[in-house]
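Chains as they are written, first to last, in this note's numbering: chain A, 9 to 786; chain V, 32 to 167.
Here's the structure, in structure tokens; my notes come after.
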């Protein structure tokens, strides 16, 4: 477990090797891809070993006792009342007994150890510090309980932290990433800069593992920016595609907006807690009371936690493509398909959910922030799902589906179901990565050029690509939420928790649930549509532009002759179908790791929930013990399954059975169709309200620029004119200079002489001087 | 007797005057006053400055500079002698300084003449008003 620092460094080795040496050594594709895969596989095995060891570590009573003592100490420090500590301890001790669950009243933890028994709710992070990265010196607390009471040492360490959350993340990230790397060997076959692609992928893995393993906000931020960089490089991987370059820039700039929030959040965290280490910050946050719901809490005096939480969420919304910063993700599909699967579906975009789950003690202290997260999440889910209905590009449709699913995860976090949100991250990683890889397989084999993404030129591929079809069907059922596939358990738990949310009133919960359920139906509809257009219906692949005269490729400058009409779509090689099958299998079975105990009455333990419960603060929302099978849960589940199945049937009828109907429907519902097809005009709104405003601002700034320039130029011209005048004095005649110098010396001497000897000048002597001093002593 | 008595005061005066005269005649060479040397020094210096400012030939300019240095040396020596009569502890500083200036002046003369030779080889002239390389 001490070797967790190695986990991120395996991909780093791969990145350096593939990036620096592969081209020079002239390695073959197999070697390059093999190295990249090997490094990720090594990370995966290290992760599994570390998590296995950690699971024992987390149950060690000594470790738990130490963690509790440390938490109590930190909490006392955060309360900022060392002098009153003793008195408070006496006060809170009875409370600690009264509140039987959770970590409330931690100062009485000695007594509580027996209450909780085998079920520990204390986080026991295991930290490895490599070196001190930024020794910053003493800084004062300026906000929060301790404001004005001394300072803290700003010392950021290059440290990795293994706990339940980061452990879960590293395992599924490296697992999914390994198979996506494997798939990419087949998908990128024949690409001119194969080594560059794998170097970037490994760079991404290094940064992503830094992000989730980092022990403090700044380490996470390094990874956060690093995955942003890798994402930028990979979106713009096809250097000759102009839209890829545009999309990469868009992604980068929109992420900066979010990162700005995250940076402010980090500053606020340090100003309040005096540290950036997750373990310390989360323990100290528990010293703060719950803040009120409403606008008044958005202020450092009355709602420090709200401000931090909202700023963190701004960062998360940028990275995880939530309203209003989501438009970069669909455009990011300009990158290669494995990139879309790895970065823009399975791992990087879930970093926002990771951060929110990681900071859940802060979020739980702020109902305002929780409500914001929930509303933004459910709105994003709904808007993105409706846009997904009309997309014709297979990857764009999947991208909107990703945005929509991310919205579900944030809905889960927002209603207090952090575990369900993270669980959905995991299941989504499997089935969405599978769907993207499946679409990659379709793109790869569906047209002669291997770049056709328009579903208009697909159709009836199930005949040609049986493995892709079957595995994608499994993922389809998972994402639609059909029992017992993976997506059902996670999504249904989120919806159920939204309905019974303890954070807000029942009405808000009901609205969130209703919108979420509606969105689930829409999801089922457009995903089925995508499958129907691709795998069912009439064969349209011969109508594609590859078969037209004079078409141009994205990758090539020259024009090709039209492809031969005896083309048939073909199934991908094993290196590509194997990942499809494995991920498809996980899309089926992963859900059983987190079956809600309300459904089974505890017959099947909710592994994910038990695993993650230590990192979720239960001060305000203590868990209720599960008492047998809950019939309400079953009713909700049946409702959502029936609803999803119905929407799937409708979609199947429309797009597979009667393919002429959708066009008619679109004509009848023209306004709605346009709204969806033009993505709710979101890009246009951003253009008008932000981009154009910035452009106008820039025009205005030009005026300022002119003013500043004028002043600077004025000085320059004055200097020049003066010098033209003065330089005539410089004759070059030595004796002129000597004359001037001699005159100067003469004047100087005369002046000095006058000053010193003026009293000896006749008639100028001061009256009071009695005798003139003697001169010559001869 | 009368005649002798008549001349006595004259002779005495003459003797006195003769002594004073001889004293006055020898005085500049034995114990001339400090102001006299200072005047001489000032005259030498002024002549030097005049030479530097007016002569076209750089060699003469150089010689004038040497004159100015000599004037400074004379000044040093004068004050050294003055302090000597006052029994001051500074009595020998002037001497040392003068020797120092002479050494430096010798070096400077060698260097300056070398420069002048190089200048002449390049420009075929040593006229100060024809060398205006430092013009803007």
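The beta carbon of each residue, even a glycine, is placed where N, CA and C say it ideally should be.
Exercise for the section: Under 8 Å by Cβ, that's how I've got residue 328/A and residue 360/A pegged, so tell me the actual separation to the nearest angstrom. Expected result: Walking along the first chain from the start, residue 328/A turns up at place 320. Walking along the first chain from the start, residue 360/A turns up at place 352. Confirmed, about 3 Å.
Practice task
Tell me residue 116/V's beta-bridge partners as DSSP assigns them.
Solution key: By 1-based counting over the second chain, the position of residue 116/V is 85. DSSP output for residue 116/V lists no bridge partner at all.
Practice task
Give the interface partners of residue 760/A over in chain V, defined as CB-CB distance under 9 Å, in chain order.
Solution key: The residue given as residue 760/A occupies position 752 in the first chain. Simply none; closest approach about 16 Å.
Problem - residue 168/A in three-state terms, based on DSSP - result: What you label residue 168/A is simply residue 160 of the first chain in a count that begins at 1. Of the three classes helix, strand and coil, the one that applies to residue 168/A here is strand, per DSSP.
Practice task
Put residue 135/A into one of helix, strand or coil per three-state DSSP.
Solution key: As a first step, residue 135/A is located in the first chain; it is residue number 127 there, counting from the start. Of the three classes helix, strand and coil, the one that applies to residue 135/A here is strand, per DSSP.
Problem - the ligand FAD heavy atom lying under 8 Å from the CB of residue 450/A - result: The ligand FAD is not among the ligands present in this structure, which contains no ligands whatsoever.
Practice task
Kindly indicate if chain A contains any beta-carbon less than 9 Å away from that of residue 85/V.
Solution key: Translated into positions along the second chain, residue 85/V becomes position 54. So yes, residue 85/V belongs to the interface.
Problem - Of the residues 468/A, 169/A, 759/A and 81/A, the one placed nearest residue 546/A, counting alpha carbons only - result: As a first step, residue 546/A must be located in the first chain, where it is residue number 538. Comparing Cα positions, the closest option is 468/A.
Exercise for the section: Taking all protein chains shown into account, decide if residue 356/A is buried (16 or more other Cβ within 10 angstroms of its Cβ) or exposed. Expected result: Counted from its first residue, the first chain places residue 356/A at position 348. It is buried - the Cβ of residue 356/A has at least 16 other Cβ atoms within 10 Å.
Exercise for the section: For residue 159/V, go through chain A and note every residue whose CB falls closer than 8 Å to its CB, in chain order. Expected result: Within the second chain, the letter at position 128 stands for residue 159/V. Residues of chain A passing the Cβ test: 741, 742 and 743.
Exercise for the section: Can you have a look at residue 537/A and say buried or exposed, based on whether 16 or more other CB atoms are within 10 angstroms of its CB? Expected result: Counting from one through the first chain, the residue named residue 537/A turns up at place 529. With 16 or more Cβ atoms within 10 Å of its Cβ, residue 537/A is classed as buried.
Practice task
Just mark residue 595/A as buried or exposed, buried being the case when its beta carbon has 16 or more other beta carbons within 10 Å.
Solution key: In the first chain, residue 595/A corresponds to position 587, counting from 1. Burial call: buried.
Handout entry: Of the residues 435/A, 510/A and 258/A, the one placed nearest residue 375/A, counting alpha carbons only
Key = In the first chain, residue 375/A corresponds to position 367, counting from 1. The shortest Cα separation from residue 375/A among 435/A, 510/A and 258/A belongs to 510/A.
Handout entry: Of the listed residues 240/A, 520/A, 183/A and 655/A, nearest to residue 384/A (C-alpha basis)
Key = As a working mapping, residue 384/A is identified with position 376 in the first chain. Comparing Cα positions, the closest option is 520/A.
Handout entry: Span of the alpha helix (DSSP H) around residue 770/A
Key = As a first step, residue 770/A must be located in the first chain, where it is residue number 762. Run containing residue 770/A: none; DSSP gives neither H nor E here.
Handout entry: For residue 109/V, the three-state DSSP class (helix, strand or coil)
Key = On the second chain, position 78 is the one that residue 109/V refers to. DSSP places residue 109/V in helix when its eight states are reduced to three.
Handout entry: Neighbour-count burial assignment, residue 708/A, 16 or more Cβ in a 10 Å radius
Key = Position 700 of the first chain, counting from 1, holds the residue named residue 708/A. It is exposed - the Cβ of residue 708/A has fewer than 16 other Cβ atoms within 10 Å.
Handout entry: Local Cβ density within 10 Å of residue 146/A, reported as buried at 16 or more and exposed below that
Key = Looking up residue 146/A in the first chain gives position 138. Counting Cβ neighbours within 10 Å, residue 146/A comes out exposed, since fewer than 16 surround it.
Problem - Burial state of residue 77/A, where buried means 16 or more other Cβ atoms lie within 10 Å - result: Against the first chain, residue 77/A aligns to sequence position 69. So residue 77/A ends up on the exposed side.
Handout entry: Rounded straight-line distance, which links the Cα of residue 454/A to that of residue 580/A
Key = Residue numbering aside, residue 580/A sits at position 572 when the first chain is read from its first letter. Residue numbering aside, residue 454/A sits at position 446 when the first chain is read from its first letter. In a straight line, the C-alpha of residue 580/A is about 10 Å away from that of residue 454/A.
Problem - Simplified DSSP state of residue 18/A, which is helix, strand or coil - result: Within the first chain, residue 18/A is the residue found at index 10, counting from 1. Reduced to three states, the DSSP call for residue 18/A is helix.
Handout entry: chain A residues whose Cβ lies nearer than 9 Å to that of residue 163/V
Key = For the purposes of this step, residue 163/V is identified with residue 132 of the second chain, where counting begins at 1. Neighbours of residue 163/V on chain A, chain order: 739, 740, 741 and 742.
Practice task
Could you check which residue in 211/A, 554/A, 246/A and 420/A has the C-alpha nearest to that of residue 47/A?
Solution key: By 1-based counting over the first chain, the position of residue 47/A is 39. When only C-alpha atoms are compared, the closest one is 211/A.
Handout entry: Strand pairing of residue 143/A, partner residues [DSSP]
Key = Numbered from 1 along the first chain, position 135 holds the residue referred to as residue 143/A. Partner(s): 163/A.
Practice task
Return no unless some Cβ of chain A is closer than 9 Å to the Cβ of residue 60/V.
Solution key: What you label residue 60/V is simply residue 29 of the second chain in a count that begins at 1. Any reading at residue 60/V must be qualified, since the residue scores a pLDDT of 47, below 50, and its modelled position is unreliable; no value is offered.
Handout entry: Below-9 Å beta-carbon distance, residue 750/A vs any chain V residue
Key = Residue mapping note: residue 750/A aligns to position 742 of the first chain, counting from 1. Closer than 9 Å: yes.
Practice task
Find the residues of chain V that neighbour residue 747/A, judging by a C-beta separation of less than 7 Å, and give them in chain order.
Solution key: Position 739 of the first chain, counted from the first residue, corresponds to residue 747/A. Simply 84.
Handout entry: Cβ neighbour criterion (16 or more within 10 Å) applied to residue 762/A
Key = By 1-based counting over the first chain, the position of residue 762/A is 754. Label assigned to residue 762/A: exposed.
Problem - Residue interval of the alpha helix (DSSP H) (run including residue 628/A) - result: Residue mapping note: residue 628/A aligns to position 620 of the first chain, counting from 1. Per DSSP, residue 628/A belongs to no alpha helix (DSSP H) and is neither H nor E.
Problem - Continuous alpha helix (DSSP H) stretch holding residue 132/V: start and end - result: Here residue 132/V is taken as the residue at index 101 of the second chain, counted from 1. Start and end: 124-154.
Problem - Residue range of the alpha helix (DSSP H) that includes residue 681/A - result: Indexing the first chain from 1 puts residue 681/A at position 673. Run containing residue 681/A: 678-685, per the alpha helix (DSSP H) assignment.
Exercise for the section: Give the residues of chain A in contact with residue 80/V, contact being defined as C-beta atoms less than 8 Å apart. Expected result: In the second chain, residue 80/V corresponds to position 49, counting from 1. In chain order: 750.
Practice task
Could you work out which residue in 150/A, 221/A, 80/A and 45/A is closest to residue 10/A when comparing CA atoms only?
Solution key: The residue labelled residue 10/A in the question sits at position 2 within the first chain. Answer by Cα proximity: 221/A.
Problem - Proximity winner among 766/A, 406/A, 674/A and 85/A, relative to residue 158/A (alpha-carbon distances) - result: Position 150 of the first chain, counted from the first residue, corresponds to residue 158/A. Nearest of 766/A, 406/A, 674/A and 85/A to residue 158/A, Cα basis: 85/A.
Exercise for the section: Tell me whether residue 462/A sits in a helix, a strand or coil according to DSSP, three-state version. Expected result: Start at 1 with the first residue of the first chain, and residue 462/A comes out as number 454. In the structure shown, residue 462/A sits in a strand (DSSP, three-state: E or B).
Exercise for the section: Give a yes or no on whether the minimum CB-CB distance between residue 149/A and chain D is below 9 Å. Expected result: This model lacks chain D altogether, as its protein chains are A and V.
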